[in-house]
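Colleague:
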Amino acid sequence: MVPDIGRGSRTHGLLVYLYGPGRREEHTDAHLVGSWDGFAPDPGRDTSPDPDPKVTLARLTAALDLRVKQAGDRAPAKHVWHCSVRTAPGDRRFSDEEWNAVAQRIVHATGIAPDGDPDGCRWIAVRHAADHIHIVATLVRGDLRNPRLNYDFNRAQAECRRIENEMGLRRLNAGDGTAAKNPTSAEKFKAERTGRPETPRETLREAVRRALAGAEDEKEFFTRLHEAGLRVKVRHAPSGDALGYNVALPGDRNRDAEPVWYPGSKLAPDLSLPKIRRRLADGTVEHTATPASGGRSDSSPPARERRSATAIAERAAVLLDHGDDGEAAAQLVGVGELLDAVVQTSPAATRTELATAARTFERATRSHVQAERADTRALRSAARGIIRAGGALGRGEDGGTTAMLLSTLVLVTLAAAHWHSARGHAQQAHASRQTAEHLRTAYRQAATTPMRTLHEQGRALPTPNAGRTRPPFAPPYRTMAYERTVYRRKPTPWPPPSPRPSRQVTTPKPSCDRPSTCANSTPPQTSMTSWSGACAASPTSPPTRAQLPTARRTTPATRKPRPTAPATERHQRPEFAPSPPLHETAHHAADEDPAGWPSARRTPRSPWTTGSTGCYGWKQKDLDREMTLVLRTTDRPAESTPAQPVLPAGTDPLLQLAYETQPPSGPGATRCLSHPRELALRGIPVTCTACRARRDWLLINHGRNVWVCCRCSNQWLEPEISRADFDALIAIPDGTIYPSVEQGLAALGFDGAFAGTYLD
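Just so you know, numbering that gives the first Met the number 0 puts 543 at position 544 of the sequence shown, and the rest follows in order with no gaps.
1. My output table needs one value for residue 106: the three-state DSSP class, helix, strand or coil.
2. According to DSSP, is residue 260 part of a helix, a strand, or is it coil?
3. Should residue 437 go down as buried or exposed, given a rule of 16 or more other Cβ atoms within 10 Å for buried?
4. Below 8 Å between beta carbons: does that hold for residue 80 and residue 138?
5. Can you grab the Cα-Cα spacing for the pair residue 231 / residue 251, in whole Å?
6. What residue does the alpha helix (DSSP H) around residue 53 start on, and which one ends it?
7. Along the chain, where does the alpha helix (DSSP H) containing residue 189 start, and where does it finish?
8. Check each candidate in 451, 327 and 247 and name the one with the smallest Cα separation from residue 257.
9. Throw me the rounded Cβ distance for the residue 170 and residue 266 pair, which I believe falls under 8 Å.
10. Jot down the residue ranges of each uninterrupted alpha helix (DSSP H) in the region 189 to 272, minimum 4 residues, whole runs only, in chain order.
11. So what does DSSP say about residue 399, is it helix, strand or coil?
12. Return the chain-ordered list of same chain residues with a C-beta closer than 6 Å to the C-beta of residue 300, the five sequence neighbours on each side being excluded.
13. By the three-class DSSP mapping on this structure, what secondary structure does residue 359 have?
14. Could you check whether residue 342 and residue 354 sit closer than 8 Å to each other, using their CB atoms as the reference points?
15. What's the call for residue 13, buried or exposed, on a 16-neighbour Cβ count within 10 Å?
16. On the DSSP bridge list, what partners appear for residue 134?
17. Whose C-alpha, out of 298, 303, 345 and 379, is nearest the C-alpha of residue 329?
18. For residue 366, count the other beta carbons within 10 Å of its own beta carbon; 16 or more makes it buried, fewer makes it exposed. Which is it?
19. Based on Cα-Cα distance, which residue from 112, 405, 181 and 54 lies nearest to residue 312?
20. Quick check: the Cα distance between residue 260 and residue 190, rounded to an integer number of angstroms?
21. Does DSSP classify residue 424 as helix, strand or coil?
22. Between residue 140 and residue 205, what straight-line distance do the alpha-carbon atoms span, to the nearest angstrom?
23. Spell out the partners DSSP gives residue 7 in its beta bridges.
24. List the DSSP bridge partners of residue 1.
25. Of all the options 3, 135, 1 and 85, which has the alpha carbon lying nearest to the alpha carbon of residue 33?
26. Less than 8 Å between the C-beta atoms of residue 207 and residue 263, yes or no?
27. Ends of the alpha helix (DSSP H) at residue 342?
28. Could you give the DSSP three-state label for residue 168: helix, strand or coil?
29. Indicate whether residue 385 and residue 305 have their beta-carbon atoms separated by less than 8 Å.
30. In three-state terms, what does DSSP make of residue 307?
31. What does the alpha-carbon distance come out to for the pair residue 270 and residue 357?
32. With burial defined as no fewer than 16 other Cβ atoms inside 10 Å of the residue's Cβ, what is the status of residue 188: buried or exposed?
33. Provide the residue span of the beta strand (DSSP E) that contains residue 31, from first to last.
34. At the level of alpha carbons, what is the spacing between residue 0 and residue 27?
35. With DSSP as the reference, label residue 364 as helix, strand or coil.
36. DSSP three-state label for residue 150, please.
In structure tokens:
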């Protein structure tokens, strides 16, 4: 429910409009639903023997203006108070009695006619549509004094919020008084009459924001305003110092043929000259965008600046999550400037969507949290660099870096929404979420051409050994995450020294007659194999006895009681074996695929267990290398993975990528049963900044805590479980398998809280 309050001086003219046909014949069945005494004449429902609407309208006008005439010169110049109250589309229709109750509550809340006050102002409520009413009052009380209408709009807004809650209407986000001024009805009608797509106020607000994005000083800011084609008028003090500025659109004139000037503070609260000077005080940092490690040194200037801005935006997301309020509010202002800079240099295909995103995020940059003396030079310098680099193409490296920057800005806006929601900023949080949706749409548009190009280049690559079948659990395409997992592993002695005599574990399934550490073992042909170098299985081979290193206990023996696993479950756990050194992994990869692709992907993690097989890492004190989960072999023959069909060229590139990288289906497929979903910290999906992995995360024991680590060891997150609880996980030889992490922690008695959760 939205109230809209205005003032005027002609009671009769307003009543003629309310009871008339309207500007587009939209007024139907105009009639009174309430009045100050319940007996006011109604021109729309005149029941006299000889009804005349004009006569009845004159009587109603005289009744409303009675006390205004009695007050004489003491009456205010604009004595007509007009408030329209409208319900949202989709809300139920109110009856006349319900609208009368709403009108009475509004005039009571604003001080027009308080309940129980016989000297309240005279008022009426007119209904000429199904979804709104108009309240008209004259601002002279019965004792000929003026009513106290301080903050009448805020009071009406608060009362409408209470009415929404009580009557089950659609609830709007409560404001905090920091929003920009909306265009008036006169400005909207003028824009429609002159054929403008938006009002001059909105056009000027956006132009001033774009001129401010990345500006180094006040002089450059005013120069950009002139270059944008705006009329600029600077107000100077007698000393010559600038006090403020006004802007106007060329061709926008009033009835006296004079330009319609708008002060900066009337466009938005943060566009006044003093606040702009405060933002420009720190200036910008002159820097040269350097290509990322391994990137091309001959990149185009737009690509270099966008790549540099991506790293700066990622830091802003971290500060929004972990910085103090003042610093986070300053980062939001800087992100707004970065968005404005991207809009000015983006290709035409994404410019409209990005302009909408920047205009929406403008609301999220202002709140009652003051962004004072926070360092935003990095973001402002990134915006300045993007503008100086010029327009970016929608293809090639420019298109790829634009898509990369937009994907990072999506995460930043989601972090902004979380930050505002935690502080009760409803409108700002809603604006941030809307911005994220617009940026997602722009990302899909920007990523279409680069993704199609990469797809075509990938299909054009030669495919050696095309006749051989890939193991059913290998990923369909090579990814950077898996390449780094294989080729960045440090060479270590093999087999590793065991901290104590190894125990022998016999696998129930057939395997070769040589130990898994045999250097001459043949690659698997009929079964699944992990990257640890386990030997192949054949239908006629005897069971393999895999050697497993045993971890020492480093904590007191006092443990929390844990449930005893059923006998049927104790033998169903997977086994652990250390990963092989680099040369062995490369040897097996060369035997399997001349192109360098490993014979099988890393085996997915098993369900959560409370025994020695339930952890996702090993104790650093005993073995300073990552442990790999080895599943038992099966007699199932190898299956060929069917070729993935290619979607049409014009479809969503995100859906295409997700479709191409999904695990194969069928009886031979192996899926992660414990964590098949994305890792999210505080509701935000986590992406590794180095390898862009979103699903490949490990729980690794490190020092006194268990840490969450990217599979490639590129990104470390917060400690999750204490050392004592982790030691308890590997203390029991025979563990019980639980279907989820939560149930396993409950069985352990762990009462802590995870910072990371897996989204459905």
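Don't be surprised by glycine CBs; every beta carbon is placed ideally from N, CA and C.
Modeller: Put simply:
1. helix
2. DSSP, read as helix, strand or coil, puts residue 260 in coil.
3. buried
4. yes
5. Residue 231 and residue 251 have their C-alpha atoms some 13 Å from each other.
6. 52 to 63
7. 184 to 193
8. 247
9. With 8 Å as the limit, residue 170 and residue 266 do not qualify as a contact, their Cβ atoms being about 29 Å apart.
10. 199 to 211, 217 to 226 and 263 to 266
11. Look at residue 399 here: in three-state DSSP terms it is helix.
12. 388
13. helix
14. yes
15. buried
16. Answer is 82 and 124, bridged to residue 134.
17. 379
18. By the 10 Å Cβ count, residue 366 comes out buried.
19. 405
20. 15 Å
21. coil
22. Taking the straight line joining both Cα atoms gives about 44 Å.
23. DSSP output for residue 7 lists 79 as bridge partner(s).
24. 85, per the DSSP bridge assignment.
25. 135
26. yes
27. 324 to 344
28. coil
29. yes
30. helix
31. 16 Å
32. exposed
33. 30 to 34
34. 21 Å
35. In the displayed model, residue 364 falls within a helix according to three-state DSSP.
36. coil
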